[in-house]
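So the protein sequences, as listed, match chains A, B and C. Take any residue in the first sequence, note its place counting from 1, add 4, and you have its number in this note's numbering. Take any residue in the second sequence, note its place counting from 1, add 114, and you have its number in this note's numbering. Take any residue in the third sequence, note its place counting from 1, add 151, and you have its number in this note's numbering. Cβ atoms here follow ideal geometry from the backbone N, Cα and C, with glycine treated the same way. None of these values were measured; they are calculated from a predicted model. Structure first, then comments.
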Amino acid sequence: MPFFSKSPWIIHYDGSSCNGCDIEVLACLTPVYDLERFGVINTGNPKHADIFLITGAINEQNKEVVWQIYNQMPHPKVVVAIGICATSGGIFVDCYNILGGVNKVLPVDIYVPGCAARPEAIIDGVVQSLAVLKEKRIAMVQRTKKLRVKGAVKNVRKSKNG
Amino acid sequence: MSVVLFLLFFPLLVGGLVYVIRNATVRGIITRIAALFIAAASILFAVMTLNNGLVFHIESEWLSWFVLSLDAGMALIIIVLGLKHKKYLAPVLTLLQVPLLAWFELTHGEKMTVGNDIFVDRLSVILVLIIGIVGGLITIYTVSYMKDYHYHHQETKDRTSFFLAILFIFLSAMFGIVISNNLTWMYFFWEVTTLCSFLLIGYTRTKEAIDNSFTALVMNLIGSIGFVLAILYIGMNFNTVEMTSLLKLGINGTSVVVPAALLAFAGIAKAAQLPFSNWLLGAMVAPTPSSALLHSSTMVKAGVFIIIRLAPVLSGQISGLMVALVGGITFLIASLAAISQMDAKKLLAWSTIANLGLIVACGGIGTYEAVWAGMLLIIFHAVSKSLLFLSVGTIEHNLGSRSIEDMHGLIMKLPEMAVFLTIGIAGMFLAPFGMLISKWAALRAFIDSNNIVVLMALVFGSAATLFYWTKWLGKIVAVLGRSERLKNDIKRDEWFALGALAILTIGLCFIFPVISNQIIEPYFENIYGQSLPSILSAGNTHLMLLMLGMVLLMPIVMYIFIQLKDDKIVTSYMGGVNRGDNRSFVDSFGKSKEMYLSNWYMDKVLSEKTLSAVGIVITAAILSVVLLMALGGVL
Amino acid sequence: MKTWIIVCAYILLAPIVGGLLSGIDRKLTARMQGRFGPPVLQPFYDVFKLFEKESMAVNRVQNFYIIFFLISIIFTGALFFSGGDLLLIIFALTLANIFLILGAYSANSPYSSIGALRELMQMMAYEPMVFLVAIGFYIVSGSFAVSDIVKSETIMLPSLPGIFIGFLYILTIKLRKSPFDLSMSHHAHQEIVKGITTEFSGSTLALIEIAHWYENLFLLGFVFLFFVFLSPLGIGIGIAACLLTYFLEILIDNSFARAKWQVVLSSSWVVAGTLGFANVLILQWLKP
């Protein structure tokens, strides 16, 4: 069970960010902050990732993209909204094309406000998300156990996929 | 002896019969039964002659004149057809040969002593089996195939009976080549196969077909000139026209470099090695069964047969070096050229040229190991390649295309054909299957005989081989989302032929140690007069069989795995804009766009034209230098 | 009996040693880049985590190929450590890689297909040199069997310098190190959404990683063969040479940017065609 907290892999998606937060996210991986010392890898592939970092607000164009990327991540997974735009839409909230924060389309687990969010804050957000990840993993194991008892794994999965 | 006569004349008889009968059903039944009879006869022949071989002499004054007159008859056909289509090179070439032979017969015919006209040993037996069994299966396949062919090609005049008749005549001629010992007879059968190939390539009578058929004819006739000169040389110098006598002279130390080089030259042309390779590529316009039978599994094997036959006298000689270099370079260039092919039949053609190149190189090197590898290559290649050709033929009728790009996701569309194709491809290059075993032995033989240049060609060529087969295999196994299974239209004959060839491809890998022990190794004992060590150690053979078992278990395990494993199915990753069907995505204008995954052909880097031009220059230079040296040293 | 012990030891210990090597690689890489880096055990954490993830696929067969990939890689490694025939080992390795490629093809996604094609191109690039390594050993020792090669009286490197350099060159491809990591890169090196592994996740991805550990170990075994001779000292030198080679590859990884495919293919073939060829040629000449 402890492995999730030791190896969180990230996918980073830029919604309609002004790039401020994106640069700070990347800054976390540089020698100064070196997120990799916690085992964090920026994978760029939803199928490998555990943590979905989103910067910028959600708009009409990208809502489906975000949703699809989220769906392509295997369980357990967490969503971290980076910056005030991803949290609530920020100053863009009244624009005609903006839906608002990430929570309009995805269940967000951790909010990291700031404009731009500082690397320390982002690292803190990622570290906090590990606890959520752990919880979700426990929940996932229990759920499959329960289902296995009922012998219904197959049917449930099928209905989920179908 | 009666079996020999049966093999030679029964196909001729059937050929005549199917040509006359115009009722398709009756013709089909006769063809199928005859093909089975031929296959059975070839097996019977093998059983009867395997241990003791067969030698035979026909005492007859007029027979050589009869053969000569048949030669002249064929020349006449070529001249008439050449004049009709305004192609004058072929008539000229044939006019060079027949008068020469006639002159030879007139002036030296009396002095010839021919001990055995027919000579059968284990090498002939192997080829008889291939011709009989593979040829028989292909003939059966043809019955259904030609029906479909004319359904899909309404513009071509239906000449199925002609096609079948030629196939049978061809089978008879092939049997003739591999059991003849008298070189004038062999030359006659050799010319018959050339003519059959010419007629089949021109089957559709389109301009392209006729052009290509004449190219094939001209190239083969150039080769035949080498054959005629060899006969003349042997006859005038050694007073014989026997293959076995030539070999005996060579092994006992008489210099036979010139005739060996000339005969090998004929073989190189027949086996479509590089300066001549264009004819085989052009031959792909013919209906698929002829590509499978003539242009991959049997007729071109006549070319390598003669080189393997000559191996003991080629070994270590300059003629052998010539043959090995031409074969090696052909293998490398043809393998590289195959990478850029999108047309499945063209790819198969290049691959055939490449593999024949390897066999030719083995023959040219001529050591025990090399020839062992060459003989196994002949067997495995004939079976796998004909399976591939026939599969492509059936797929073409079902998909309406033979482009490899259109075979994307074949495993979903036509699973049966995908399985056949996969077996064929695996048989051509994958680890536990036959071709690879022979390549393994060839590699060792090339090192042991110090042929480093040929060795390099093999090493680099194998890498290219790996590339083009695997990318085709990948295309087949790709699981295309939501694709419908097409209604397949595989006829019973096609099932029979494909199934039998697939079983042979796999089965041969299991019994190859037996083939090696029982057929190939005793062959060498006869030639070198001593028993020789096994090529593959028992341990390695067992490991190969283990791997084979592992690979064959795969489909079964896969089936169980699919039933048990219960992965969540998600869409494939397309940057988050997959439209949910794994086949299209949302483009930047919000519109749906079809995804198209092309294979990698590297056609800018490895262009077919440049490669073959380079190859032709190099191999033509090698051939002309060696042949001129050989002739010049004598004259 | 001894062979079986070695094979069993390989099957059991290779993932541990391979994982540790990979962990050291990541630590060293981080240090070379002026970072602190993850713990040495990080690769194990990653793999265990991947096993805890949900299993997911685009279709029902793709993961199956990976299981066969792993089995074949272990088989190849076992062949190597049981002292098998080098050519057979190369063929088995090819077979294994083909399973991986077919798995990626089967998923039929644009990224994994490109990864598969690039992997195939890389195979075409390194294959001649790998054969030349086997050929070189055969000429020097008179046998293709690993068990005979390790019994060499003297160190083989002086006879095979060109082949050794050529092997180091293509080892960069096989170890998936920059500049030749076109089809699938390591840890933080992103590359077209990780090429051949794009559509594999969870436990299947973990299997690919484990297979890679197994593979790395017998690839280093090839390096070992160049240095070993029949004495404890020889074994020591061999192991030291393996570690040094591995360090060199990490250094190369961190010193070069990814190359274009043309460079990978042509340079590998040029290296094999010059260094390898010349070495074999000279060996043949010197052969009594």
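Between which two residues does the beta strand (DSSP E) carrying residue i extend?
i	result
A/HIS16	13 to 18
A/ILE102	102 to 104
C/PHE380	Where C/PHE380 is concerned, there is no enclosing beta strand (DSSP E), given that its DSSP letter is neither H nor E.
B/LEU168	168 to 170
Flag this pair as yes or no: are the beta carbons of residue i and residue j separated by less than 9 Å?
i	j	result
C/PHE219	C/ALA243	no
C/PHE407	C/PRO330	yes
B/VAL474	B/VAL427	no
C/GLY317	C/VAL422	yes
A/CYS2	A/CYS25	Residue coverage of chain A in this structure runs from 5 to 166, which leaves residue 2 of chain A outside it and unanswerable.
B/GLY381	B/GLY349	no
B/VAL440	B/GLY478	yes
B/ALA374	B/GLY434	yes
B/VAL684	C/ALA208	yes
B/PHE494	B/SER552	yes
C/SER352	C/SER206	yes
B/LEU278	B/THR256	yes
B/VAL228	B/ALA160	no
B/ILE620	B/LEU666	yes
Residues of chain A with CB closer than 8 Å to the CB of residue i, please, in chain order.
i	result
B/TYR687	ASN49, PRO50, LYS51, GLN76
C/PRO189	GLU40, ARG41, PHE42, GLY43
How would you list, in chain order, the residues of chain B whose beta-carbon sits under 7 Å from the beta-carbon of residue i?
i	result
C/THR442	Here chain C has residues from 152 to 439 only, and residue 442 of chain C is not among them.
C/LEU238	TRP554, LEU557
C/ALA267	GLY588
C/PRO279	VAL573, PHE574, ALA577
Kindly list, in the order they appear in chain C, the residues whose Cβ is closer than 9 Å to that of residue i.
i	result
A/ARG147	Near A/ARG147 there are no residues of chain C at all, since even the closest Cβ is about 11 Å away, more than 9 Å.
A/HIS16	Those within 9 Å of A/HIS16 in chain C number zero; the least Cβ separation is about 11 Å.
A/LYS138	By Cβ distance, chain C contributes nothing, its closest Cβ being about 10 Å from A/LYS138, past 9 Å.
What in chain B is Cβ-close to residue i, meaning under 9 Å?
i	result
A/VAL69	GLY689, GLY690, VAL691, VAL700
C/GLY235	GLY653, ASN654, LEU657
For residue i, which of helix, strand or coil comes out of DSSP?
i	result
B/SER238	helix
B/TYR202	coil
A/ASP113	coil
B/VAL117	helix
A/THR59	strand
A/ASP26	helix
C/SER336	coil
B/VAL739	helix
C/LYS153	helix
B/LEU127	helix
B/ASN692	strand
B/LYS499	helix
B/ILE683	strand
C/ALA208	strand
B/ASP457	strand
Please compile the residues from chain B whose C-beta is within a distance smaller than 8 Å of the C-beta of residue i.
i	result
C/ALA391	Near C/ALA391 there are no residues of chain B at all, since even the closest Cβ is about 30 Å away, more than 8 Å.
For residue i, which residues in chain A fall below 7 Å Cβ to Cβ?
i	result
B/VAL684	ASN75, GLN76
C/VAL301	The premise fails here: C/VAL301 is roughly 38 Å from chain A at the closest Cβ pair, so nothing lies under 7 Å.
Give the range of the alpha helix (DSSP H) segment to which residue i is assigned.
i	result
C/SER263	261 to 292
C/VAL414	412 to 422
B/TYR642	635 to 642
B/PHE699	Counting along the chain, B/PHE699 falls outside any alpha helix (DSSP H), though it belongs to the beta strand (DSSP E) covering 698 to 700.
C/VAL297	297 to 300
Note down, in chain order, every chain C residue with its Cβ under 8 Å from the Cβ of residue i.
i	result
B/ASP681	SER206, MET207, ALA208, ARG211, ASN214
B/TRP714	LEU268, LEU271, MET272
Strictly below 9 Å CB to CB, what residues from chain A border residue i?
i	result
C/ALA181	PRO35, ASP38, GLU40, ARG41
Chain C partners of residue i, CB-CB under 7 Å?
i	result
A/PHE7	TYR196, PHE199, LYS200, GLU203
B/ALA592	TYR256, SER257, ASN259
Worksheet item: Which full runs of the alpha helix (DSSP H) of 4+ residues lie inside the segment 220 to 301 of chain B, going along the chain?
Response: 236 to 243, 249 to 266, 274 to 293
Practice prompt. Please specify which runs of the alpha helix (DSSP H), each continuous and at least 4 residues long, are wholly inside the segment 512 to 542 of chain B, giving them in chain order.
Written response: 524 to 527
Item to complete: Mind listing, in chain order, the continuous beta strand (DSSP E) runs of no fewer than 3 residues lying wholly within the segment 366 to 454 of chain B?
Response: Counting whole runs of 3 or more residues, the segment 366 to 454 of chain B contains no beta strand (DSSP E) stretch at all.
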